[in-house]
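Asks:
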Amino acid sequence: MQPITTIAAASLLTASGACAYAALWPQSQLFGKVLVAPRRPRQVALTYDDGPNDIATERLLEVLARENVRATFFMIGSFVRQRPQIARAVAAAGHVIGNHTMTHPWLPWQSAARIHQELADCNAALEDTLGTAVRLFRPPHGARRPYVLRAARELNLTTVQWNIIVSDWKPTTPAELLNRLERGIGRNRRRGKASNIVLHDGGDQGLGQPRLPTVEATASLLQLCRSTSTEFVTPLDWLAATE
Ligand SMILES: [Zn+2]
Numbered sequence: 156m157q158p159i160t161t162i163a164a165a166s167l168l169t170a171s172g173a174c175a176y177a178a179l180w181p182q183s184q185l186f187g188k189v190l191v192a193p194r195r196p197r198q199v200a201l202t203y204d205d206g207p208n209d210i211a212t213e214r215l216l217e218v219l220a221r222e223n224v225r226a227t228f229f230m231i232g233s234f235v236r237q238r239p240q241i242a243r244a245v246a247a248a249g250h251v252i253g254n255h256t257m258t259h260p261w262l263p264w265q266s267a268a269r270i271h272q273e274l275a276d277c278n279a280a281l282e283d284t285l286g287t288a289v290r291l292f293r294p295p296h297g298a299r300r301p302y303v304l305r306a307a308r309e310l311n312l313t314t315v316q317w318n319i320i321v322s323d324w325k326p327t328t329p330a331e332l333l334n335r336l337e338r339g340i341g342r343n344r345r346r347g348k349a350s351n352i353v354l355h356d357g358g359d360q361g362l363g364q365p366r367l368p369t370v371e372a373t374a375s376l377l378q379l380c381r382s383t384s385t386e387f388v389t390p391l392d393w394l395a396a397t398e
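Offset between the sequence shown (1-based) and this note's numbering: plus 155.
#1: In the DSSP assignment, find the unbroken beta strand (DSSP E) run with A200 in it and report its ends.
#2: For V189, name the three-state secondary structure that DSSP assigns.
#3: May I have a chain-ordered list of the beta strand (DSSP E) segments no shorter than 3 residues that lie completely inside the stretch 208-267?
#4: Which of helix, strand or coil does DSSP assign to V353?
#5: Under 6 Å Cβ to Cβ from M156, same chain only, skipping five residues before and after it: list those, please.
#6: Drop a sphere of 10 angstroms on the beta-carbon of T383, count the other beta-carbons inside from all chains shown, and report buried for 16 or more, exposed for fewer.
#7: Going by C-alpha distance, which of G206, F292, V245, I241 is nearest A220?
#8: I'd like the list of long-range same chain contacts for L362, defined as Cβ closer than 8 Å, with 5 residues on each side in sequence excluded.
#9: DSSP beta-bridge partners for L291?
#10: Could you tell me whether the stretch 286-296 touches the stretch 245-260, where touching means 3 or more Cβ pairs closer than 8 Å?
#11: Which residues have a Cβ closer than 5 Å to any heavy atom of ligand 1, listed in chain order?
#12: Going by DSSP, name the residue or residues bridged to V388.
#13: Have a look at P326, R305, I352 and flag the residue whose alpha-carbon is nearest the alpha-carbon of Q316.
#14: Could you check how far apart the C-beta atoms of A280 and G232 are, in whole angstroms? I think they sit under 8 Å.
#15: Give the straight-line distance between the Cα atoms of F229 and C277, rounded to the nearest whole angstrom.
#16: So which of L312, Y302, L216 has the shortest CA-CA distance to H255?
Below is the structure:
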């Protein structure tokens, strides 16, 4: 019986490995279609999660305005309710704002009703504050299961993942972040892909998270890109191209 048990255990492990991959690997399409990045290697989408946040979000707006770059902000609904003026400033500057749930839970472990509520409540917070419809959704931690993507579709939201992540929520320096960003963009270009970068102007632990290294790294990246043929876009541009 031992070999059969081993085989059964091995296939169970493989199945759970595949599930973990589908639920957590940012570019996995196994649980449903998600938007990552098209084959346009000169394009870069800067996306910022977990805001709006005191100080960092507004500094970031200054940096982006200086270089005339449009970015995308996936906001947490409860923070939007607490800082509506920051969310409005982001929208007024012409950036795209997406849904990042109301309270940033790990969605795969939640009930279908809770998942739907998290997405719908964040949509309501954004639409009440901004007066415009929300088109994009990013699951917290990129984690999902089929129902998460279905709930998003039911609310007319396209789920957006990423292909560059640089751990900017951990203590680090702008120089180290810049280095990781450059390596990621270079790797995507060699593969013929656009870059979809996730950075963080806030943090799910609460308002006031220190994210100035992210702002400084963004400023340095934009300066570096001045002399290259980089085109900054948003996931909405990619969506428009496929519609
Ligand atoms: Zn997040």
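Glycine residues also receive a C-beta, built at the ideal position from the N, C-alpha and C atoms.
Replies: In brief:
#1: 198-206
#2: coil
#3: Entirely contained in the stretch 208-267, the beta strand (DSSP E) runs reaching 3 residues are, in chain order, 227-230, 251-254.
#4: strand
#5: Low local confidence applies: a pLDDT of 37 at M156 is under 50, so the model's placement there is unreliable, with the coordinate-based value given in what follows. Closer than 6 Å at the Cβ level, and outside the excluded window around M156, lies no residue.
#6: exposed
#7: V245
#8: N208, D209, F234, Q237, R238
#9: Paired residues: T313.
#10: yes
#11: D204, D205, P295
#12: A200
#13: I352
#14: Rounded to whole angstroms, the Cβ separation of A280 and G232 is 4 Å, and the two are in contact under 8 Å.
#15: Going by the C-alpha atoms only, they are around 10 Å apart.
#16: Comparing Cα positions, the closest option is L312.
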